[in-house]
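Novice: Numbering (our numbering), first residue to last: 2 to 164.
Here it is as structure tokens:
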């Protein structure tokens, strides 16, 4: 049970960080955000001198898979160890659906990015991938990430602070 409690706290912290990062990315469209994006592009160019873009793209794929596995494990543990009320169970299913939609869209974007990298594109393709977002997919991502935060908090409350 101690391992589940540790994972619950880890998943909560990770989900809150993802939520913070997502909100910062979506809300910031000022000069500071443009400077950050330009700085990221410069860092990608500098990394491209030492590491191939194919390796960097592979790292994004690997990181995405690790994050997806952590989320799946958290959702499974929440379903198994928390006594979910009906609204929480609906939130679980909606979060799973949003996570699948968001993951599918990200997989398509990553496939296009890797195809462009294999055709010889530079770091601008990766920066464009990181910047690409639309309002409807931001809403799906918001539901997925926000649902994960709430479900992680529920898992922490049921495992770390039982009745």
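For every residue, glycine included, the Cβ atom is placed at its ideal position computed from N, Cα and C.
Looking only at its own chain, which residues have a Cβ that is under 7 Å from the Cβ of residue 17, when we skip the five neighbours before and after it?
Specialist: Only 150 meet the Cβ criterion.
Novice: Answer with buried or exposed for residue 157, where buried requires no fewer than 16 other C-beta atoms within 10 angstroms of its C-beta.
Specialist: Residue 157 should be labelled buried.
Novice: So is residue 88 buried or exposed if we call it buried at 16+ other beta carbons inside 10 Å?
Specialist: Residue 88 should be labelled exposed.
Novice: Residues in its own chain within less than 7 Å of residue 61 by CB, not counting five upstream and five downstream?
Specialist: 111.
Novice: Quick check on residue 162: does DSSP put it in helix, strand or coil?
Specialist: Coil, per DSSP.
Novice: How many angstroms separate the CA atom of residue 119 from the CA atom of residue 71?
Specialist: Approximately 29 Å between the Cα atoms of the pair.
Novice: Using 8 Å as the cut-off, can you tell me whether the region 67-81 makes contact with the region 89-101, which would need three or more C-beta pairs spanning the two stretches below that distance?
Specialist: Short answer: they touch.
Novice: Between which two residues does the alpha helix (DSSP H) harbouring residue 120 extend?
Specialist: No alpha helix (DSSP H) holds residue 120; DSSP gives it neither H nor E.
Novice: How many Å lie between residue 40 and residue 4 at the Cα?
Specialist: Near 39 Å, if we compare the C-alpha coordinates of residue 4 and residue 40.
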